[in-house]
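J.: Could you have a look at this structure, given as structure tokens, before my questions?
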Amino acid sequence: NNSDFVFQVTKPDGDAEARRGEIICTKMKDGADQWKQSFSLKLVPLSVLGDVSSLVVESIGGGSTHAPDGLPAREVCERMLKTVDRFWQSGKPLSHTAQAKTYGKYAPAVLANEFRRDKVTEKQAKELLDRWLTNDVLSFDMADTKTKLMGLRVARSLDEVVRG
Numbered sequence: 697n698n699s700d701f702v703f704q705v706t707k708p709d710g711d712a713e714a715r716r717g718e719i720i721c722t723k724m725k726d727g728a729d730q731w732k733q734s735f736s737l738k739l740v741p742l743s744v745l746g747d748v749s750s751l752v753v754e755s756i757g758g759g760s761t762h763a764p765d766g767l768p769a770r771e772v773c774e775r776m777l778k779t780v781d782r783f784w785q786s787g788k789p790l791s792h793t794a795q796a797k798t799y800g801k802y803a804p805a806v807l808a809n810e811f812r813r814d815k816v817t818e819k820q821a822k823e824l825l826d827r828w829l830t831n832d833v834l835s836f837d838m839a840d841t842k843t844k845l846m847g848l849r850v851a852r853s854l855d856e857v858v859r860g
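Numbering (my numbering) for the sequence shown: 697 to 860.
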């Protein structure tokens, strides 16, 4: 299959009006897939006569923040990259090297702590960082030439990897 992404939309048995269901990401090139997100729809009149209407999304929820492979879903990954970028922009970049543990800048530990509500573990964060470094989403660059401070910098977005 040459698709960059594949989604499946399902509805529960017995819901003849198709007012609720689930969107399942079965494939996401270079991103977390196999996630699910539930939704519900409502009927909205589109004309003053009320004879023309459309279904619109009323609510979204109940989705998992992790794909079946145990890695965080794409939305969580994008927020994690924003966190890495925030540290880079502040002049205090995170690092994936073990020496950074001493200074509290070890990226897997920092991300696991910041994303504990999303149930991201240090092991998962390390695996993602390794993948992102391999796929050039992240680079390990010189943050300060005077102090020779090195750190993780966001080199490109997940969308660029998918298109690229």
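The beta carbon of each residue, even a glycine, is placed where N, CA and C say it ideally should be.
How far does the beta strand (DSSP E) with T830 in it reach, from first residue to last?
T.: From DSSP, T830 is part of no beta strand (DSSP E) but of the alpha helix (DSSP H) over E818 to T830.
J.: Any idea if P764 is buried or exposed, counting beta-carbon neighbours within 10 angstroms, 16 or more meaning buried?
T.: With a pLDDT of 48 at P764, under the threshold of 50, the predicted position of this residue should be treated as unreliable, and no value is reported.
J.: So, are the CB atoms of L862 and H792 less than 7 Å apart?
T.: Outside the modelled stretch of the chain, which goes from 697 to 860, sits residue 862, for which no answer is possible.
J.: Would the stretch 829 to 846 and the stretch 808 to 818 be scored as touching if the rule is three or more Cβ pairs under 8 Å?
T.: Too few Cβ pairs lie closer than 8 Å, so no.
J.: Can you tell which of K738, K732 and L767 has the C-alpha that lies nearest to the C-alpha of V753?
T.: Cα-wise, what sits closest to V753 is K738.
J.: Whose C-beta lies closer than 6 Å to the C-beta of G787 among residues of the same chain, with five residues either side of it excluded?
T.: If we look at G787 and ignore the five residues flanking it on each side, it has no Cβ neighbours.
J.: Who are the near neighbours of A821 in its chain, counting only those whose CB is closer than 6 Å to its CB and skipping five residues on each side?
T.: Cβ neighbours of A821 beyond the five flanking positions: P804, L807 and A808.
J.: Could you check what DSSP says for D855 in three-state terms: helix, strand or coil?
T.: Reduced to three states, the DSSP call for D855 is helix.
J.: Check each candidate in K723, V833, S699 and F735 and name the one with the smallest Cα separation from D855.
T.: Out of K723, V833, S699 and F735, V833 has the C-alpha closest to the C-alpha of D855.
J.: Kindly indicate which residue of G717, R715 and T722 has the alpha-carbon position closest to the one of D700.
T.: Comparing Cα-Cα distances from D700 to each of G717, R715 and T722, the minimum goes to T722.
J.: Expressed to the nearest angstrom, what Euclidean distance is found between the alpha-carbon atoms of N698 and Q704?
T.: N698 and Q704: Cα-Cα distance of roughly 16 Å.
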